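Enquirer:
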Amino acid sequence: MNKKTKLSGIGSEFHWSGLPEGPFLPWPIPHLFLALGRDAVCALWGMKKNKFSRGVLFVPDYFCPDVCKFWKDSGIKIRRYEDDPRWPHPNWHTLTPARGDCVLAVNYFGVRDGSVWKDWLKGNPRISLVEDHSHDPFSSWAKNSIADFCFASIRKIFPVPDGAILWSPRRHPMPPELENRDCSGSALKLAGMILKKEYGDTKGTSLLLKDTFRKFQVEGEKLLSESKGLNISPWSRYLLLNGIPQSWRIQRKKNVRLLLELLQENADFRPLFLDWPLGHCPFNVILVFKTNRYREIFRSRLISKAVFTPIHWKIDSGKGTHVFDLSSRILTIPVDHRYSSSDLYFIADNIKEISDGI
Ligand SMILES: Cc1ncc(COP(=O)(O)O)c(C=O)c1O
Numbered sequence: 012m013n014k015k016t017k018l019s020g021i022g023s024e025f026h027w028s029g030l031p032e033g034p035f036l037p038w039p040i041p042h043l044f045l046a047l048g049r050d051a052v053c054a055l056w057g058m059k060k061n062k063f064s065r066g067v068l069f070v071p072d073y074f075c076p077d078v079c080k081f082w083k084d085s086g087i088k089i090r091r092y093e094d095d096p097r098w099p100h101p102n103w104h105t106l107t108p109a110r111g112d113c114v115l116a117v118n119y120f121g122v123r124d125g126s127v128w129k130d131w132l133k134g135n136p137r138i139s140l141v142e143d144h145s146h147d148p149f150s151s152w153a154k155n156s157i158a159d160f161c162f163a164s165i166r167k168i169f170p171v172p173d174g175a176i177l178w179s180p181r182r183h184p185m186p187p188e189l190e191n192r193d194c195s196g197s198a199l200k201l202a203g204m205i206l207k208k209e210y211g212d213t214k215g216t217s218l219l220l221k222d223t224f225r226k227f228q229v230e231g232e233k234l235l236s237e238s239k240g241l242n243i244s245p246w247s248r249y250l251l252l253n254g255i256p257q258s259w260r261i262q263r264k265k266n267v268r269l270l271l272e273l274l275q276e277n278a279d280f281r282p283l284f285l286d287w288p289l290g291h292c293p294f295n296v297i298l299v300f301k302t303n304r305y306r307e308i309f310r311s312r313l314i315s316k317a318v319f320t321p322i323h324w325k326i327d328s329g330k331g332t333h334v335f336d337l338s339s340r341i342l343t344i345p346v347d348h349r350y351s352s353s354d355l356y357f358i359a360d361n362i363k364e365i366s367d368g369i
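Numbering (the numbering used here), first residue to last: 12 to 369.
(1) Quick check on residue 23: does DSSP put it in helix, strand or coil?
(2) Identify the continuous beta strand (DSSP E) that holds residue 282 and give its terminal residues.
(3) Among all the DSSP beta bridges, which residues are the ones paired with residue 113?
(4) Exposed or buried, which one is residue 145 when buried takes at least 16 other CB atoms within 10 Å?
(5) On the DSSP letters alone, give me the boundaries of the beta strand (DSSP E) that residue 296 sits inside.
(6) Is residue 236 close to ligand 1? I mean its beta-carbon at under 8 Å from any heavy atom of the ligand.
(7) From 286, 253, 271, pick the residue whose C-alpha is nearest to that of residue 33; which is it?
(8) Which residue from 91, 302, 96 puts its Cα closest to that of residue 104?
(9) Just to confirm, are residue 319 and residue 345 a CB contact at a threshold of 9 Å?
(10) If the criterion is Cβ atoms closer than 9 Å, does the pair residue 186 and residue 43 meet it?
(11) Please identify the residue among 329, 20, 340 whose C-alpha is closest to the C-alpha of residue 279.
(12) In this structure, does DSSP put residue 245 in helix, strand or coil?
(13) Specify, as a first and last residue, the run of the beta strand (DSSP E) that residue 149 falls within.
(14) Return the residue from the list 326, 199, 132, 298 that minimises the CA-CA distance to residue 229.
(15) Can we count residue 334 as close to ligand 1, meaning its CB is less than 8 Å from some heavy atom?
(16) How big is the Cα-Cα spacing for residue 93 and residue 235?
(17) What three-state label does DSSP hand residue 179 in the structure shown?
(18) CB-CB under 8 Å to residue 82, same chain, minus the five flanking residues each way: which ones, in chain order?
(19) Buried or exposed: where does residue 121 fall if 16 or more other Cβ atoms within 10 Å of its Cβ makes it buried?
(20) Which ranges would you report for the alpha helix (DSSP H) in the segment 260 to 344 if only whole runs of at least 4 residues count?
(21) Assign residue 46 to buried or exposed, taking buried as 16 or more other Cβ atoms, counted over all protein chains shown, within 10 Å of its Cβ.
(22) Nearest CA to the CA of residue 142: which residue from 111, 348, 178?
(23) Could you tell me if the beta carbon of residue 106 falls within a distance shorter than 8 Å of some heavy atom in ligand 1?
(24) According to DSSP, residue 256 sits in a beta bridge with which residue or residues?
(25) Could you give the DSSP three-state label for residue 12: helix, strand or coil?
(26) Could you tell me the boundaries of the alpha helix (DSSP H) in which residue 359 lies?
(27) Which residue's Cα is closest to the Cα of residue 37: 258, 56, 211?
(28) Suppose the cutoff is 8 Å on Cβ atoms and the five residues either side in sequence are ignored; what does the same chain contact list for residue 365 look like?
(29) Exposed or buried, which one is residue 107 when buried takes at least 16 other CB atoms within 10 Å?
(30) Rounded to a whole number of angstroms, what is the C-alpha to C-alpha distance between residue 250 and residue 96?
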């Protein structure tokens with residue numbers, strides 16, 4: 012049993028981890044870097060010679076509510092269709108775009124098979140398709156996409172304070188570089204990353220240091236999410252230039268496999284998925300608990316062990332009962348490249364201990 016708690020915790024925001032080392036998985040060419048994934052959609056809507064800005068954007072009902080609100084507030088007309096990471100494909104009956112509309116497809120947690128969307132597009136050639144590959148920008152779906160545009164929020168998988176990418180598999184003209192070059196949000200987040208590294212290196216002895224890096228992270232995120240049309244910061248552009256280190260994606264996939272193996276059968280929860288399409292790398296291990304109460308017990312006890320588990324996503328408005336059901340029971344266990352097998356044993360032991368103690 013590994014009972015050692017990692018001082019800077021498991022999960023939560025990235026710390027500064029130095030310059031990325033190759034070999035790298037390169038980005039699609041051409042591409043546009045932006046600060047945030049959500050701005051990719053706004054950049055498409057803002058293009059003068061783009062048919063998108065005239066139509067409606069169909070967004071799955073299971074999706075990040077803050078991002079959806081951002082698009083609405085930016086003047087994009089939104090309609091929802093039913094989709095759920097537990098299903099192999101959306102409820103097609105609820106997806107009813109007209110000519111000139113655009114559909115957003117999401118590769119939930121990097122494990123969806125994109126062939127269902129390829130088939131859909133063949134039957135709906137007049138509808139524009141934009142795909143969100145934030146959870147695995149290098150999946151075989153993303154690499155072989157036939158969508159009009161694809162985007163990914165890179166800052167969720169790469170230790171950069173800001174960063175997202177947009178590309179067009181169909182080789183449509185790309186939007187121009189975004190004009191807002193205010194880097195204050197990114198600067199605060201970068202400072203937060205550096206101080207978080209110091210906090211870990213100094214064995215978490217200074218509470219002031221902890222409060223300070225948390226404050227920088229929160230204030231930085233607020234500034235970023237309140238901005239509009241934000242270009243990528245020069246430092247994130249530099250860090251992302253060559254692509255993602257291959258070893259990070261390999262480590263993430265290995266970690267997902269190991270934790271799924273270690274968790275085995277448990278009556279309190281089920282993993283959302285146990286396998287995935289060839290050439291995909293899951294975002295993290297995703298658990299679905301039997302009730303909301305169980306999810307909350309596990310979540311709070313894991314926090315007390317400094318294991319920080321986000322919820323993708325907290326959704327409390329809208330129509331779909333399947334959405335509330337999943338949102339109230341889902342939990343993401345972070346297993347990215349920062350973690351080695353001993354961290355995963357630590358997480359698995361703690362989950363087992365919580366389960367035994369309920
Ligand atoms: C799947 C997915 N797509 C897009 C976004 C938006 O990314 P950003 O926060 O960089 O705008 C998020 C953010 O949570 C996300 O989880």
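Yeah, the Cβ is synthetic: ideal placement off N, Cα and C, and Gly gets one too. Just so you know, these numbers come straight off a predicted model, no measurement behind them.
Expert: In brief:
(1) Coil.
(2) Segment 280 to 282, the beta strand (DSSP E) holding residue 282.
(3) Residue 113 has 68, 139 as its beta-bridge partners, per DSSP.
(4) By the 16-neighbour rule on beta-carbons within 10 angstroms, residue 145 is buried.
(5) Residues 296 to 300.
(6) Shortest gap from the CB of residue 236 to any heavy atom of ligand 1: under 8 Å.
(7) Checked all of 286, 253, 271; the closest Cα to residue 33 is 253.
(8) Residue 104 has its Cα closest to that of 91, out of 91, 302, 96.
(9) It is a contact, given that the beta carbons lie within the stated cut-off.
(10) Yes.
(11) Selected option, being the one with the closest Cα: 340.
(12) In the structure shown, residue 245 sits in a helix (DSSP, three-state: H, G or I).
(13) Going by DSSP, residue 149 is part of no beta strand (DSSP E) at all; its letter is neither H nor E.
(14) When the alpha-carbon of residue 229 is set against those of 326, 199, 132, 298, the nearest one is in 199.
(15) False, no ligand heavy atom lies under 8 Å from that Cβ.
(16) Roughly 29 Å between the two C-alpha positions.
(17) In the structure shown, residue 179 sits in coil (DSSP, three-state: anything other than H, G, I, E or B).
(18) Excluding sequence neighbours, residue 82 sits near 49, 52, 53, 68, 70, 89.
(19) Looking at its Cβ environment, which holds 16 or more other Cβ atoms inside 10 Å, residue 121 is buried.
(20) Counting whole runs of 4 or more residues, the segment 260 to 344 contains the alpha helix (DSSP H) stretches 303 to 315, 332 to 340.
(21) Burial call: buried.
(22) It is 178.
(23) The answer is no for residue 106.
(24) Paired residues: 35.
(25) Note that residue 12 scores 39 on pLDDT, short of 50, meaning its location in the model is unreliable; the coordinates nonetheless yield the value given after this. Under the three-state reduction of DSSP output, residue 12 falls in the coil class, being neither helix nor strand.
(26) Secondary structure note for residue 359: its alpha helix (DSSP H) is the uninterrupted segment 352 to 368.
(27) Of the candidates 258, 56, 211, the one whose C-alpha sits nearest the C-alpha of residue 37 is 258.
(28) Within the same chain, residue 365 has close Cβ partners 308, 309, 312, 313.
(29) The residue in question, residue 107, is exposed, as its Cβ has fewer than 16 Cβ neighbours within 10 Å.
(30) Each residue's Cα considered, the two are about 31 Å apart.
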